[in-house]
Amino acid sequence: MSYPAAAVHLSKRFRIGEAHDSLRDLLAAGFRRILGRVEPEKESTSFWALRDVSFSVAQGDALGIIGPNGAGKSTILRLLAGILHPDHGEVRIRGRLAALIEVGAGFHGDLTGRENIFLNGAILGMSRAEIRAKLDDIVEFAGIERFLDMPVKRYSSGMYARLGFSIAAHVDPDVLLVDEVLSVGDAVFRLRCMERMRALVDAGTTLIFVTHNLDQMQAICPRALVLESGTAVFEGPSRDAVGHYMQAVSRAYADRPTDSDAKTARESSLVEVEHLRFFTGGDEPVVWMRSRDSVRAELAFRLRRPVERLVVELNLRASAGENLLSFNSGRDDREFHGMPGAQTLTLALPSLPLSGGQYFWNIRMWDAQSGETILDTPLKYPMVIDDEGRATGRLTIDRTWGFVSPVSKTDRGGMMPATRSCAATEDVDEDLLLR
Amino acid sequence: MRAVAVTATASELLRYRHLLWSLTWRDVRVRYKQSYLGVAWAVLLPLSMMLVFTFVFTRAIDATSVLNVNMPYALFAYTGLVPWTFFSVSLGGCVNSLVANRNLVTKVYFPREVFPLSCVASSMVDFVIAMVVLVGLGAYFHVTGGWRFTPGAPLLFLPVVVSVQIMLTVGIGMILAMANLFYRDVRQIFGVAIQLCMFVSAVVVPVPQDGSTLSRILAVNPMVPIIGAYRDCVVYARWPEPGPFLYATVVAVALLLGGWICFRRAAMRFAECI
């Protein structure tokens, strides 16, 4: 079977620093070569952004590509788009390809919206006749009717992004590559983009979608590829991919213990956080759990001096940053007597009423005596909740559905009793993003 | 195998002709946007250059006898400046074309040849307008008695001359665009070199043809027979000398193919080296 989009043993190496910044360097290198002082290309001057990655996507299928920053997601997309060329391996694309790597790449500020539609459409491979036929749809989707003949340099960034996405969404490609573009624009626009992408996939377009937003990815892609440091660590159902992704993210954070935020937090405070771990019954710490699991959080930290009245707060936040749940020991009338050295604090939760997705924990501590904040960590402690795709909002709670059918008087006799009820774990939608 | 690659590229370019058109149109549009005189600059630029050189060589210093131009100097200067401006402005655009469109090079795929090609194409718009003005200038000298125009069959050769110049320009333009992407020094060197080239390409001063060493070195320059051919076809209404013109054609074709093959091979690394 042939696939519209496939990568075969794809590898890409990048140089660290530039080959020769100027002619002077080139001449110097040339002289060294003449003098016989050949410098072999060191392995340390280059790194593999991608190593032996293979996958294929069937027609009308959607593949998500997820992974921590620097895992090689954008590199893959650029290789697929033909912008970069692989050092090893091969890219196979069948049919017309459109890549949306940056919204509005190629817009010219001095040209009007209308002129930019024609320019950008041509850049994405559309003919003038095609663009003319789709002009009204593009304009309507972007919602810029009134500003069509205004130079885009006076557009708001939202309008700019909407127009950029709208053009690309109307290319009608066989294969569509989308990179992270939905991080721009407001929630309503993001939702419309998602709908449009889903409509394209339903119509038979093959989609490859790179994103950090696991909710968006799961909403569109049944399958996902997880990248970590340039290699594919998992390929399979999106729901399972999320767990692998979170492990990769945790490892990525663990590898960078001295990122600047953590460093300043440590140096400026009396507290050093050793770890924040979660347990759902077993002895192994987990980052991935089901929404109904009972969770025990274990916070290990060191104090530099005694703190008579220590108040600890654990905040659970959505990846966008909203605070969803806050557990403050002080408000629960618990203050701890902190001694210098290692301490461990635990928090037991019967369940976390959250829908599936990625979340982060933030830790804060106060010295209640002086009122001084002694710790406020960045969002670096991840957690993934799996609810088997039952809820799309942020929260989920127990529920019972009822169903009453209007029964017409005339054929009452022929109908089955029309009341059914079921106790099921279905969905209560409270989308905080779209309040 | 290279021939196959070139034909494959050519057919790909053909598929992207809409883009070439759009980028050319963008360049033309942006060049004259927010400009009061707009497209009139296409005429005013070579015309004012003509006036400058005419003033310098006929009024400030009377060099007409030394220059030995057997036509009104203004006409000589204009017929040289118009194709030269086309050549130098095209190349000036080509040098920066890849670097200036960095966000397209790194974010979107299409044949990279489109960038230098659209620079040449957009300069050609100015060139055509300036050539039309030449008719008016000719009429002026015809009426004032400075030069008798007798348009003849050699005028039909003009498209061939323009085509040879375009091939030469595209060939050099691709090499410059590619070289500047890897080494930004190229742009600086180009700025100086193009000034020098103007004075050895028979644009505003004729090239010495006395058989000296210097004249033999300068005879390598393919722009001399090309600009000469413009004057032959338009002003003198005679056929260009076949020898030098054939030489220029061979050089133009060689540079076009050579430049294109190099460009193709380097294009794979553009996005990561830019």
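Chains as they are written, first to last, in the working numbering: chain A, 4 to 438; chain B, 1476 to 1749. The beta-carbon is built from N, C-alpha and C at its ideal position, and this holds for glycine as well. In this text the structure is predicted, and so the values were computed from the model without any measurement.
Residue burial classification, residue i (beta-carbon count within 10 angstroms, cutoff 16)
i       : result
E1747/B : buried
W1500/B : buried
F1674/B : exposed
H173/A  : buried
N72/A   : exposed
W1559/B : buried
T332/A  : Looking at the sequence provided, one finds Ser at residue 332/A rather than Thr. S332/A should be labelled buried.
A200/A  : Per the sequence shown, the amino acid found at residue 200/A is Met instead of Ala. Buried, since its Cβ has 16 or more Cβ neighbours within 10 Å.
S294/A  : buried
D1502/B : buried
Y1511/B : exposed
P1697/B : buried
A145/A  : buried
R442/A  : The structure shown does not extend to residue 442/A, since chain A spans only 4 to 438, so no value can be given for it.
F1530/B : exposed
G417/A  : Legend: pLDDT at G417/A = 45, less than 50; position of this residue unreliable, value from coordinates given subsequently. Under this definition G417/A is an exposed residue.
Residue i - containing alpha helix (DSSP H), residue span
i       : result
A171/A  : 160-172
G1734/B : 1717-1742
V1628/B : Residue 1628/B is actually Ala in this sequence, not Val. Taken as a continuous stretch (DSSP letters only), A1628/B belongs to no alpha helix (DSSP H), as it is neither H nor E.
G1703/B : 1698-1706
R195/A  : 190-205
Residue-chain proximity (residue i, chain A), Cβ-Cβ < 7 Å
i       : result
M1673/B : no
E1487/B : no
R1740/B : no
R1587/B : no
M1743/B : yes
Partners in chain C for residue i, counting only beta-carbon separations shorter than 9 Å
i       : result
L1651/B : Here the protein chains are A and B, and chain C is not one of them.
Where the beta strand (DSSP E) containing residue i begins and where it ends
i       : result
T114/A  : Just to set this straight, residue 114/A is Leu in the shown sequence, not Thr. It is not in any beta strand (DSSP E) - L114/A carries neither H nor E in the DSSP assignment.
S329/A  : 326-331
Q346/A  : 344-352
F1430/B : Nothing in the structure corresponds to residue 1430/B, since chain B is present only between 1476 and 1749.
S57/A   : 49-60
T209/A  : 209-213
L378/A  : 375-379
N1576/B : No beta strand (DSSP E) holds N1576/B; DSSP gives it neither H nor E.
H340/A  : 339-341
F304/A  : 298-306
Contact with chain B by residue i, beta-carbon distance below 7 Å
i      : result
G109/A : yes
A84/A  : yes
A52/A  : no
T267/A : Confidence at T267/A is low in this model, with a pLDDT of 48, below 50, so its placement is unreliable and the value that follows should be read with caution. Cβ-Cβ to chain B under 7 Å: no for T267/A.
A9/A   : no
E105/A : yes
S297/A : no
S130/A : yes
Residues near residue i by beta carbon distance below 8 Å, same chain, minus five either side
i       : result
L1556/B : P1521, M1524, M1525, F1528, V1678, V1679
Y362/A  : L319, R320, A321, S322, L327, P385, M386, V387, I388
Contacts of residue i in chain A (Cβ-Cβ under 9 Å)
i       : result
A1746/B : R81, I86, L87, H88
Cβ neighbours of residue i in the same chain (closer than 7 Å, five flanking residues each side left out)
i       : result
F1585/B : Y1491, L1494
R117/A  : L151, D152
L53/A   : L13, S14, K15, G75, T78, I79, G233
H278/A  : A303
L1651/B : L1566, C1569, V1570, V1661, F1665
Within chain B, the residues that residue i reaches when beta carbons sit closer than 9 Å
i      : result
R165/A : Under the 9 Å cutoff, chain B gives no residues; its nearest Cβ is about 18 Å from R165/A.
I126/A : L1494, S1497, L1498, L1579, V1583, F1585
L114/A : R1501, R1504, V1505, K1508
F17/A  : E1747
Partner residues on chain B for residue i, Cβ-Cβ distance less than 7 Å
i      : result
F121/A : S1497
Other residues of its chain near residue i: CB distance less than 6 Å, five sequence neighbours each side excluded
i       : result
A9/A    : S59, R95
R81/A   : L87
F110/A  : N119, V155
F1738/B : M1649, M1653
G1568/B : C1594
G1621/B : P1547
T347/A  : A303
Partners in chain A for residue i, counting only beta-carbon separations shorter than 8 Å
i       : result
N1578/B : E105, A108, G109
R1662/B : Here the premise fails: no neighbours, minimum Cβ distance about 11 Å.
Neighbouring residues, chain A, relative to residue i (Cβ below 7 Å)
i       : result
Y1584/B : A84, G85, I86, A102
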